[in-house]
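*Asks:* Here the sequence shown is numbered in this note's numbering, starting from 98 and rising by one per residue. Handing you a structure now.
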Amino acid sequence: MKAYRASLLYFAEPEAPGSPGAALYEEDGLLVTDADASGRRVVKAIGSYQQLAGRYIGVAIEHLPGRIIAPGFVDMHIHYPQLDVIGSPADGLLPWLETYTFPHEKRFAVSAYAAEAASFFIAELLRNGVTTALAFASSHAGSVDALLGEAQRRNLRMVAGKVLMDQNAPDGVRDELEQSLVETELLIRKWHGLDRLGYAITPRFVPSCSAAQLQGSGELAARFPDVWIQSHVAENRDEIAWVKSLYPDARSYLSVYEKFGLLRQRAVYAHCIHFDDDDRAVMRATGAAAAVSPTSNLFLGSGFFDYAGADRVGFLYGLASDVGGGTSFSPFHTMLAAYYVGREGQTKPGVSIAPQNLWWQHTAGAARAMGLEGVVGNLLPGCEADFVVLDPKATPLLARKTALATNLDELLFALIVLGDDRVIDSTVIQA
Ligand code: GUN
Ligand code: ZN
């Protein structure tokens, strides 16, 4: 057993299914971790130091005065081959893909290149306090091996998949129907469930996949019911018009994925911006989740996720960086952008998302949306022991502002608005 004494931030179980969990804060807390039967390090106990310390006499305590221990962040949607695409300006999604993204992703055909990028990518996630991610690789099977191999070496809980894209894409990234499905199945068998790793079937988006490739993806999903599915939907108006031209009879963009058996629990769709209530009801009924990617949506001018609409109908969602359409690995930047989007979103008047809720969306809420509730994203007993150690005085302005906080929301909002990687004192995996 190990124990950590610090301030503790974590989340209560949601009171009703579908509602967010309330943040819990222990000013002087004790977190105790231990190995479970399978060797994973999990939380054994969490609570006030005064109440718990007597039960763990003899366990060495690491004391972190002035620090806050919080769950590692969960990034529901990120592209590791787009590290170097961050900050590439274009007139919206489709020109951005053509001009910057596809050319960059071509480089991942070379294993050594993919290995270097994977190692940098994971280091950058950890530097920013992200301990679990659902990641796109490139269309090259070797790019998945590079990423999940590195995640395995670091003992991370990570889910990734080879991008499927057999049409409307240039040579070098376009794959081929039969081989793409064979490779996907081989990668599922190789990686899914190995140590802390998972596999995601990854059709890029409807325009880049033939109907046969979408069909094949859905068939694989049916044969492997506990793998993830990840894709993009309803991000950009030109993209939606393109899908309409490809599937003129489909009720909506989302319904194309539904028709091919690609909506279910553990299916995570990035963006979900231009939805109507029928789409929202389909998300709810199938258990599919949205990866809300506000820095990406603002950067590419895609639109605003409709928080009020999502909550009115009720479907799963959580936060994501969507690097490299997204502009930052930092969960603080993403949470702040989500706040702006709530204020300015599609429904007027805007919503003012509470800081506890923003934080939940990037930790326990994201874990729930991914089907990993009680596994990551929280520090309740039984959760895997991955956490961040935060320094609320990381910058002079933060020190000034957090010292003025009179309640938890004020403290969390100071960190969200003023924080970045400097707040992450350390990221601890399997403590
Ligand atoms: N739609 C299809 N591919 C992509 C991608 O790489 N990024 C984003 N933001 N949208 C996409
Ligand atoms: Zn994306």
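The beta carbon of each residue, even a glycine, is placed where N, CA and C say it ideally should be. None of the values given here were measured: they were computed from a predicted structure.
With C-beta atoms as the reference, is THR444 less than 7 Å away from ALA405?
*Replies:* For the purposes of this step, residue 444 is identified with residue 347 of the sequence shown, where counting begins at 1. For the purposes of this step, residue 405 is identified with residue 308 of the sequence shown, where counting begins at 1. In this structure, ALA405 lies closer than 7 Å to THR444 by Cβ.
*Asks:* Assuming ASP172 and ALA230 form a contact by the criterion Cβ under 8 Å, report the distance between their Cβ atoms to the nearest whole angstrom.
*Replies:* Here residue 172 is taken as the residue at index 75 of the sequence shown, counted from 1. Here residue 230 is taken as the residue at index 133 of the sequence shown, counted from 1. Rounded, the Cβ-Cβ distance is 4 Å, consistent with contact.
*Asks:* Thinking just about the alpha-carbon of each residue, which of MET255, SER393, THR492, GLY226 is nearest to the one in TRP193?
*Replies:* The residue given as residue 193 occupies position 96 in the sequence shown. The shortest Cα separation from TRP193 among MET255, SER393, THR492, GLY226 belongs to SER393.
*Asks:* Find the nearest neighbour of ILE165 within the set LEU501, LEU494, VAL486, ARG497, judged by alpha-carbon distance.
*Replies:* The residue you call residue 165 lines up with position 68 of the sequence shown. Considering only alpha carbons, the answer is VAL486.
*Asks:* If you measure from the beta carbon of SER235 to each beta carbon in chain B, is any gap under 7 Å?
*Replies:* Of the protein chains in the structure, only one exists, and it is not chain B.
*Asks:* Rounded to the nearest angstrom, what separates ASP522 and ILE183 at their Cα positions?
*Replies:* Along the sequence shown, read from residue 1 onward, the residue named residue 522 stands at position 425. Along the sequence shown, read from residue 1 onward, the residue named residue 183 stands at position 86. So the alpha carbons of these two residues sit roughly 24 Å apart.
*Asks:* Are GLY189 and LEU395 closer than 7 Å when you measure CB to CB?
*Replies:* Sequence index remark: in the sequence shown, residue 189 carries index 92 (1-based). Sequence index remark: in the sequence shown, residue 395 carries index 298 (1-based). For GLY189 and LEU395, no; Cβs fall outside 7 Å.
*Asks:* Nearer than 6 Å: is that true of the beta carbon of GLY295 relative to any heavy atom of the ligand GUN?
*Replies:* As a first step, residue 295 must be located in the sequence shown, where it is residue number 198. Checking every heavy atom of the ligand GUN against the Cβ of GLY295, none is found closer than 6 Å.
*Asks:* With GLY400 as the anchor, note down where its beta strand (DSSP E) starts and where it stops.
*Replies:* Mapped onto the sequence shown, residue 400 falls at position 303. First-last for GLY400: undefined, no H or E at that position.
*Asks:* For the ligand ZN, enumerate in chain order all residues having a CB closer than 5 Å to any of its heavy atoms.
*Replies:* So the residues near the ligand ZN by this Cβ test are ALA367, ASP419.
*Asks:* Just checking my contact of HIS371 with ARG334 at CB under 8 Å: how many whole Å lie between their CB atoms?
*Replies:* Within the sequence shown, residue 371 is the residue found at index 274, counting from 1. Within the sequence shown, residue 334 is the residue found at index 237, counting from 1. Indeed, because the Cβ distance is near 7 Å, the residues count as touching under 8 Å.
*Asks:* Apart from the five residues on each side of it in sequence, which residues of its chain come closer than 8 Å, Cβ to Cβ, to MET98?
*Replies:* As a first step, residue 98 must be located in the sequence shown, where it is residue number 1. Contacts found: VAL129, THR130, ASP131, LYS141, TYR153, VAL156.
*Asks:* What does DSSP give as the partner residues of ILE521 in its beta bridges?
*Replies:* Locating residue 521 in the sequence shown gives position 424, counting from the first residue. For ILE521, which the question treats as bridged, DSSP gives the partners LEU487.
*Asks:* Decide if PRO446 is buried, meaning its Cβ has at least 16 other Cβ atoms within 10 Å, or exposed.
*Replies:* In the sequence shown, the residue the question calls residue 446 occupies position 349. By the 10 Å Cβ count, PRO446 comes out exposed.
*Asks:* Using only the heavy atoms of the ligand GUN, determine whether one of them is closer than 6 Å to the beta carbon of ARG301.
*Replies:* Taking the first residue of the sequence shown as position 1, residue 301 is located at position 204. Checking the Cβ of ARG301 against the ligand GUN gives yes.
*Asks:* I'd like to confirm something about GLY422: is its beta-carbon nearer than 6 Å to some heavy atom of the ligand GUN, or not?
*Replies:* On the sequence shown, position 325 is the one that residue 422 refers to. Checking every heavy atom of the ligand GUN against the Cβ of GLY422, one is found closer than 6 Å.
*Asks:* Taking one C-beta from the region 281-288 and one from the region 257-271 each time, how about it: are there three or more such pairs within less than 8 Å?
*Replies:* When C-beta atoms of the region 281-288 are compared with those of the region 257-271, three or more pairs fall below 8 Å, so the two segments count as touching.
*Asks:* Using a Cβ-Cβ cut-off of 7 Å (strictly less than) and excluding sequence neighbours within five positions of ALA238, which residues of its own chain qualify?
*Replies:* The residue labelled residue 238 in the question sits at position 141 within the sequence shown. These residues qualify, in order along the chain: LYS259, GLU280, LEU284.
*Asks:* Give a yes or no on whether the C-beta atoms belonging to ALA331 and CYS369 are separated by under 7 Å.
*Replies:* Working through the sequence shown from its first residue, we reach residue 331 at position 234. Working through the sequence shown from its first residue, we reach residue 369 at position 272. Their beta carbons are under 7 Å apart, which means ALA331 touches CYS369 by this criterion.
*Asks:* Can you list the beta strand (DSSP E) stretches of 3 or more residues lying completely in the region 352-416, in chain order?
*Replies:* 364-368, 386-389, 413-416
*Asks:* My output table needs one value for ARG497: the three-state DSSP class, helix, strand or coil.
*Replies:* Walking along the sequence shown from the start, residue 497 turns up at place 400. Reduced to three states, the DSSP call for ARG497 is helix.
*Asks:* Please state if the CB of PRO267 and the CB of PHE205 are separated by a distance shorter than 7 Å.
*Replies:* Looking up residue 205 in the sequence shown gives position 108. Looking up residue 267 in the sequence shown gives position 170. Contact: no.
*Asks:* Can you determine whether any heavy atom of the ligand GUN sits closer than 6 Å to the C-beta of SER342, and answer yes or no?
*Replies:* What you label residue 342 is simply residue 245 of the sequence shown in a count that begins at 1. Incorrect: SER342 has no Cβ contact closer than 6 Å to the ligand GUN.
*Asks:* Which whole-angstrom value is the C-beta distance of VAL389 and LEU416, which I expect to be below 8 Å?
*Replies:* For the purposes of this step, residue 389 is taken as residue 292 along the sequence shown, with counting starting at 1. For the purposes of this step, residue 416 is taken as residue 319 along the sequence shown, with counting starting at 1. At roughly 6 Å, the Cβ-Cβ gap stays under 8 Å, so VAL389 and LEU416 are in contact.
*Asks:* Extract the residue ranges of the beta strand (DSSP E) inside the region 198-267, only unbroken runs of 3 or more that lie entirely within it.
*Replies:* Listed in chain order, the complete beta strand (DSSP E) runs (minimum 3 residues) inside the region 198-267 are 227-233, 254-258.
*Asks:* Quick one, are the C-beta atoms of ALA347 and PRO391 less than 7 Å apart?
*Replies:* On the sequence shown, residue 347 is found 250 positions in, with the first residue counted as 1. On the sequence shown, residue 391 is found 294 positions in, with the first residue counted as 1. Using a Cβ distance threshold of 7 Å, ALA347 and PRO391 do not count as a contacting pair.
*Asks:* How many angstroms separate the CA atom of ALA386 from the CA atom of ALA297?
*Replies:* Within the sequence shown, the letter at position 289 stands for residue 386. Within the sequence shown, the letter at position 200 stands for residue 297. Looking at the two C-alpha atoms, the distance is approximately 14 Å.
*Asks:* Have a look at the DSSP bridge pairing and note the partners of ARG102.
*Replies:* Working through the sequence shown from its first residue, we reach residue 102 at position 5. Per DSSP, LEU127, HIS160.
*Asks:* Do you know offhand how far SER277's Cα is from ARG301's?
*Replies:* Residue 277 sits at position 180 when you count from the first residue of the sequence shown. Residue 301 sits at position 204 when you count from the first residue of the sequence shown. Approximately 12 Å between the Cα atoms of the pair.
*Asks:* Nearest to ALA243 by alpha carbon, out of GLY269, ALA211, ARG224?
*Replies:* Your numbering for residue 243 matches position 146 in the sequence shown. Ranking GLY269, ALA211, ARG224 by Cα distance to ALA243 puts ALA211 first.
*Asks:* Any chance the region 413-429 sits against the region 218-225, with 3 or more Cβ pairs inside 8 Å?
*Replies:* yes
*Asks:* Could you check if HIS201 is buried or exposed, using at least 16 other CB atoms within 10 Å of its CB as the buried criterion?
*Replies:* Mapped onto the sequence shown, residue 201 falls at position 104. When all chains shown are included, HIS201 counts as buried.
*Asks:* Excluding the 5 residues flanking GLY313 on each side, which residues of the same chain have their C-beta closer than 6 Å to its C-beta?
*Replies:* Taking the first residue of the sequence shown as 1, we reach residue 313 at position 216. Taken in chain order, the residues that qualify are LEU278.
*Asks:* Tell me the rounded alpha-carbon separation between TRP456 and LEU253.
*Replies:* Sequence index remark: in the sequence shown, residue 456 carries index 359 (1-based). Sequence index remark: in the sequence shown, residue 253 carries index 156 (1-based). Distance between the alpha carbons of TRP456 and LEU253: 21 Å.
*Asks:* For the beta strand (DSSP E) holding PHE170, just list the boundary residues, first then last.
*Replies:* Here residue 170 corresponds to residue number 73 of the sequence shown, with the count starting at 1. Taken as a continuous stretch (DSSP letters only), the beta strand (DSSP E) holding PHE170 covers 170-176.
*Asks:* Helix, strand or coil: which one does DSSP assign to VAL438?
*Replies:* Here residue 438 refers to the residue found at position 341 when the sequence shown is read from its first residue. Correct three-state label for VAL438: helix.
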